[in-house]
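Take a look at the structure below.
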Amino acid sequence: MHWQRILVGGTKGAGKAIADRFLRGGGTVIITARSAPEEETESHFVRADVSTSEGTTKVIPEMLDLFKGVDIIVHNVGGSSAPSGGFITVTDERWQQAINENLFPAVRLDRGLLPSTIERGSGVIIHVSSIQRTLPLYHSTLAYAAVKAALTNYSKALSNEVSPKEVRVVTVSPGFRETAAATRMFER
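Count the sequence shown with my numbering and you get residues 49 to 236, in order.
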């Protein structure tokens with residue numbers, strides 16, 4: 049079978065590693081990110097900031113028009129840039145930013161792409177959450193941890209809804225990975 053996989057957030061860190069593995073597995077690999085891959089790649093790249101509705105609105109029609117849908121969606125986008133200092137430092141704007149970066153991309157892209165996956169009769173959606181959903185670092189990642197918990201709950205509810213339609217929805221919650229983003233978090 050010729051798999052069509054979209055990786056949301058696939059040009060750096062863990063996302064790049066997932067993209068490289070997908071490419072070795074064959075099929076079509078579509079990567080979205082705010083910045084282009086640093087190296088030449090065989091994947092189809094869509095530059096979009098999926099933390100905005102405009103970014104997801106750009107991605108969805110391209111996936112449906114060019115590829116007629118996808119078989120596997122990996123939502124790897126997210127992160128935290130909130131300052132350290134605990135709850136008192138997390139402004140409304142930081143909370144909204146955490147939601148926009150860690151929850152809404154999955155919600156919006158699933159809403160736009162999942163109907164075509166259901167129509168295909170099978171598929172997989174993978175939401176990359178975080179171990180912090182249950183073990184938050186309250187002094188530096190309170191909003192991030194809370195929103196990743198929301199993503200995990202959303203993922204479970206979506207799974208309950210679409211698994212009877214032959215679409216699996218799973219959440220993976222990796223522990224610490226030494227990436228540039230993780231280093232920036234520890235430097236805050």
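Glycine is no exception: its CB is placed at the ideal position from the N, C-alpha and C atoms.
query = How long is the line joining the alpha carbons of Ala-146 and Tyr-192, rounded to whole angstroms?
reply = 6 Å
ask   = For Ser-83, is the beta carbon positioned less than 8 Å from some heavy atom of the ligand NAP?
value = The model depicted lacks the ligand NAP and carries no ligand whatsoever.
key: Burial state of Ile-54, where buried means 16 or more other Cβ atoms lie within 10 Å   = buried
query = What whole-angstrom Cβ distance do Thr-189 and Thr-219 have, given they're in contact under 8 Å?
reply = So it is not a contact: roughly 18 Å between Cβ atoms.
task = Output the boundary residues of the alpha helix (DSSP H) element that contains Gly-160.
result = 152-168
inquiry  = So, at 8 Å on beta carbons, what are the nonlocal neighbours of Gly-117 in its own chain, with the 5 sequence-adjacent residues on each side left out?
reply    = Gln-52, Met-111, Leu-161, Ser-164, Thr-165, Glu-167 and Arg-168
Nonlocal neighbours in the same chain, by C-beta distance under 7 Å from Lys-196, ignoring five residues either side = Asn-150, Ser-177, Ser-178, Gln-180 and Arg-181
query = Is the stretch 57-64 in contact with the stretch 122-140, if contact means three or more CB pairs nearer than 8 Å?
reply = yes
message = Does Val-107 come out as helix, strand or coil in the three-state DSSP assignment?
response = helix
inquiry  = Could you compute how far the alpha carbon of Gly-63 sits from the alpha carbon of Arg-69?
reply    = 10 Å
Arg-142, DSSP secondary structure in three states = helix
Beta-carbon spacing of Ser-99, Asn-148 below 9 Å = yes
message = Here's a check: name, in chain order, each residue in its chain whose Cβ is nearer than 8 Å to the Cβ of Ser-170, leaving out the five neighbours to either side.
response = Asp-119, Glu-214 and Val-215
key: Best match in Val-122, Ser-83 and Ser-101 for proximity to Val-77 [C-alpha to C-alpha]   = Val-122
request  = Note down the Cα distance separating Val-107 from Gly-134, rounded to an integer number of angstroms.
outcome  = 35 Å
inquiry  = For Phe-93, list the residues DSSP reports as bridge partners.
reply    = Ile-79
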